[in-house]
Structure formats: C-alpha cells, structure tokens
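Numbering-wise, our numbering comes out as the position in the sequence shown, counting from 1, plus 1.
Heads up, the beta-carbon is just placed ideally off N, CA and C, and yes, glycines get one too.
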Amino acid sequence: MMSTKVYVAVFILFIMLTIFSIYMPLLIKPGEESASPYNKKLFGTSTLVSLIRSRGYSVVIINSVYELKSIDGKHVVFVVIAPDKPFTRGEVNFLKEYSSEKKLSLLIADEIGVVNNVTMELLGIRIYGELIRDVDLIGSGWEDFVRVKCRIDNNEYKVAFSRSSIVVSGEASVQPMCIAMGRIWVDLDWDMDKDRDEPYVGNPVTGVYGYYSGGKYVVVADSSIFTNYMVGGYGGIPSTKKFVLGVIEWLADGDDVVFVIDNSHYIMREDTGAKALVLFLTSPVIAAKLLGLTLWGIGVQNILLISMFAAVILGALLYKPLRIRVEGYFSYIDECRVKLANESIRLGRILGDRYLIKLAGKAWRRRRIVNKLVGYISRLERKGVG
2 MMSTKVYVAV
12 FILFIMLTIF
22 SIYMPLLIKP
32 GEESASPYNK
42 KLFGTSTLVS
52 LIRSRGYSVV
62 IINSVYELKS
72 IDGKHVVFVV
82 IAPDKPFTRG
92 EVNFLKEYSS
102 EKKLSLLIAD
112 EIGVVNNVTM
122 ELLGIRIYGE
132 LIRDVDLIGS
142 GWEDFVRVKC
152 RIDNNEYKVA
162 FSRSSIVVSG
172 EASVQPMCIA
182 MGRIWVDLDW
192 DMDKDRDEPY
202 VGNPVTGVYG
212 YYSGGKYVVV
222 ADSSIFTNYM
232 VGGYGGIPST
242 KKFVLGVIEW
252 LADGDDVVFV
262 IDNSHYIMRE
272 DTGAKALVLF
282 LTSPVIAAKL
292 LGLTLWGIGV
302 QNILLISMFA
312 AVILGALLYK
322 PLRIRVEGYF
332 SYIDECRVKL
342 ANESIRLGRI
352 LGDRYLIKLA
362 GKAWRRRRIV
372 NKLVGYISRL
382 ERKGVG
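And the structure:
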C-alpha cells in the first residue's frame, strides 16, 4: 500500500505536469520563415499587429481556431496571413457556423492556395497558386515584384506585390480591389524567365474585397505585403503601410471590433526544448523534496507506480505539442528545400546556367526534384564551375 505522502506526491506531480503541458506551446516558437504574429524578423507579421493596435483596435492572437468562441465584441476580424498548414474540415465547418451566428469579417492573404478550402467554402473564391511576373522587369533585379493598383472605395494605392498570384472567383458580384499592371505572365517553373509555354494573362486581379453573409472580406493573393519587411519598407522596398492601413480601416468599419490573428497554422520550432525536458525530468524529484521524501523512503515499487502514472498523464497532455514538433521536422526539410532552390536560382543567374535556374524553380515546389538538383550541382562542382 502507498502511504499518504506518496499519494500527495503523485498529486503534486500531476499538477506540475499539467502546468508543464499548458506552458509547453509557449516554448515552441515560430520559425524565422513563418508569417506568425510572434515572429519579429523579416517574414513575420509582428509589425502588422503593432499597426492595428496603433489605430486603437483590440488584437487577440489565437493558437486554435476554436478560441474564437471566447472572443468578446460584436465584430470579429479574423486575420490569416500565409499559413503553412491548411485548415481542417472541422475548422472550416466551425468558421462557417460561427459566421452565421456572429459578425465575422475576413482578411486572408496567401499566394500558394493553402487557404482555398476556407475561401471557397465561405466566399466562392480561390487563389490560383502560380507565380506571376512582369516581363518588363526581367533583368532589373526586381523580378519577384509586380506593380499593382489597388482601390478601396474612393481611395487609390500604388503597391508593389512580391511573388504574387491571382485571385480567381466564380462570383460575378466579387469586386476587384487590386490589379497587376504591366505585361504579366504566369511563371510556371518559377525561373524568372518567360518561356514559350508560359501564358500572358493581361492585367490579372490580385486582390478582392466585398461582403458575404457573415460580414466583410479582403482576399489578397500576396501575403508578403503584410509582413514586417514590406510594411516597414526594408532594403529600399516600397512600403505597403498606407495600403495595409486602408485595409484595416475598411474592415474595422468603426464597430466594436476585435482583430483576431491566427497563429495556429504555422510550422513551429522548439527553441527551449532542453529546458522543458529538464523541467519534466526533475518534476518527481521536486515533488519528493516538497514532502521531505527520499528515494529509499518512497520505495522502488512506489517509484515505478509514480513513473507509470506520470508517463500516462504526460502522453495525454502533450499529444498535440509533440505532434506539432514531429510535423515541424518534416516542415524543416521543406524549408531547407526552399532555401536550396533559392540559392540555386541565384547561382544559376551568376553562371548564366538556364538549366540550373529551371531545375531550381521546379525544386522550389516539388520534393522529388531535389535529388536531381543536388546531383546537377555536384557535377558542376566536379567540373570546377563556380
């Protein structure tokens, strides 16, 4: 039989593990490439959060879509910028139901099409998912950008979009907000060169706005305009701040509004996992010390029982954080692939190697091309090129 002290020790251990599981998500921070509102580096959206707050609006950052249920306020503006992971069927259904019960406006920015299940279900809109470029900017050093004219009601903005796509809608009532200017083509292989099989698309719509049954919406086929480096105008890039402020004010509409920023669809990395592991491993020791117990005072059998009990609790409480971590490893591989592709494109431009550029452009989107790309670079290295 276990003594009262051992039962108390188990209870204290349970409390410690519960606290540990609550704070575990806070120990998992966004990667530098993500558009998380907690990311203060170039590709994050912490500046967007500050900008919204500077206008006097409330901002809440959520780590689960279902946290919307606990948000106070007559009007919620749900902000989704460049998510790494798509919304689940359950999340889409929840948003649809929520928008039927409460005023829910949407600000969605994504050039890849990750959010298409949300935009199609709620708005009948989708992101094309392929990159567009301006043929007149080839060789200028600004190949990733397109010149865009935007209009929100009576206010006009000239904006530079970076790695933009196209907004496609089957609804005649959808109102264009942003239109790409210049000789625009679809860069299917992402190599910055106009190939014969890559079509011109006139002046495509890169952003739309309007009303749906739940409230207002803004959908933009370029997430970068809301990131820190574009809003802040780093490196000589034209700032998008005025346009972003125009979007914020139009969506807010003077209501009792709360801007809710989604942080639940980004790939995370564990920065302080070692500290968390130490905390977990020392929890039984701390519990024993608090009760004045020693290793031999508890008994080997009771120690085993406590350990088994702790393992079951930990498995139940940390299932989701650990799953996020495992997903993070696979996503880290994708991040490395994208970085390899980008560097290979730069190398190809330096060497004037069009095949390398095209191969790298394909590897940017397709994992199976990576081995072929690495093999080609290895052959170049053996030849002494570069």
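- Look at the beta carbons and you see the region 210-220 touching the region 240-254: at least three pairs across the two are nearer than 8 Å.
- In the DSSP assignment, Gly208 falls within the unbroken beta strand (DSSP E) covering Val206 to Tyr213.
- The alpha-carbon separation between Ile238 and Val147 amounts to approximately 12 Å.
- For Met178, the enclosing beta strand (DSSP E) has its first and last residue at Gln176 to Met182.
- Rounded to the nearest angstrom, the gap between the Cα atoms of Trp143 and Ile185 is 14 Å.
- Within the same chain, and ignoring the five residues on either side of Val77 in sequence, the residues whose Cβ sits closer than 6 Å to its Cβ are Leu105, Val259 and Val261.
- The residue among Asp73, Tyr377 and Met231 with its C-alpha nearest the C-alpha of Phe44 is Met231.
- Around the beta carbon of Asn156, a 10 Å sphere encloses fewer than 16 other beta carbons of the protein chains shown; the residue is thus reported as exposed.
- Rounded to whole angstroms, Val206 and Ile351 show a C-alpha spacing of 33 Å.
- Nearest C-alpha to Leu108 among Gly247, Ile139, Ser65 and Ser345: Gly247.
- Between the alpha carbons of Ala36 and Leu69 lies a gap of roughly 20 Å.
- Between Asn117 and Val93, the C-beta spacing is not below 8 Å.
- By the criterion of a C-beta distance shorter than 7 Å, Tyr235 is surrounded in its chain by Leu43, once the five residues flanking it on both sides are discounted.
- Looking only at Thr46, Glu112, Val202 and Val187, the smallest Cα-Cα distance to Asp196 is reached by Val187.
- Just measuring C-alpha positions, the residue of Asp135, Asp73, Gly114 and Gly57 sitting nearest Asp85 is Gly114.
- DSSP, read as helix, strand or coil, puts Trp186 in strand.
- The beta carbons of Ala110 and Ser166 sit no closer together than 8 Å.
- In the three-state reduction of the DSSP assignment, Leu96 falls in the helix class.
- Burial state of Gly208 is buried, judged by a 10 Å Cβ sphere holding 16 or more other Cβ atoms.
- As for any beta strand (DSSP E) of minimum length 3 sitting wholly inside the region 94-149, the runs are 104-110, 126-128 and 133-135, ordered along the chain.
- If you ignore the 5 residues before and after Val60, its C-beta comes within less than 6 Å of the C-beta of Val50, Ile53, Arg54 and Phe260, all in its own chain and listed in chain order.
- No Cβ-Cβ contact shorter than 8 Å links Ser265 with Ser71.
- Glu122 is the residue among Glu122, Tyr129 and Thr89 whose C-alpha sits nearest the C-alpha of Ser100.
- Of Lys103, Arg90, Leu348 and Asp194, the smallest CA-CA separation from Phe79 is found for Lys103.
- With a cutoff of 8 Å on beta-carbon distance, Asp257 and Gly57 are scored as not near each other.
- The Cβ neighbour count for Gly349, taken over all protein chains shown within 10 Å, is at least 16; the residue is labelled buried.
- Taking the Cα positions, Gly140 is about 12 Å away from Arg134.
- Nearest to Thr120 by C-alpha distance, out of Asp137, Val136 and Pro87, is Pro87.
- Minimum Cα-Cα distance from Tyr212 among the listed residues Val160, Gln176 and Arg347 corresponds to Gln176.
- In terms of CA proximity to Leu124, Val220 leads the group Val220, Lys242 and Tyr356.
- Its Cα nearest to that of Pro38, the residue Ile268 stands out among Asn204, Ile268, Asp354 and Thr241.
- C-alpha of Met193 to C-alpha of Asp354: approximately 13 Å in a straight line.
- Within the DSSP bridge table, the entry for Lys217 names Tyr212 as partners.
- Judged by their CB atoms, Ile370 and Leu381 are not nearer to each other than the 8 Å cut-off.
- Ser224 is a Cβ neighbour of Ile82, given a cutoff of 8 Å.
- Taking the C-beta atoms as reference points, Met182 is found no nearer than 8 Å to Tyr210.
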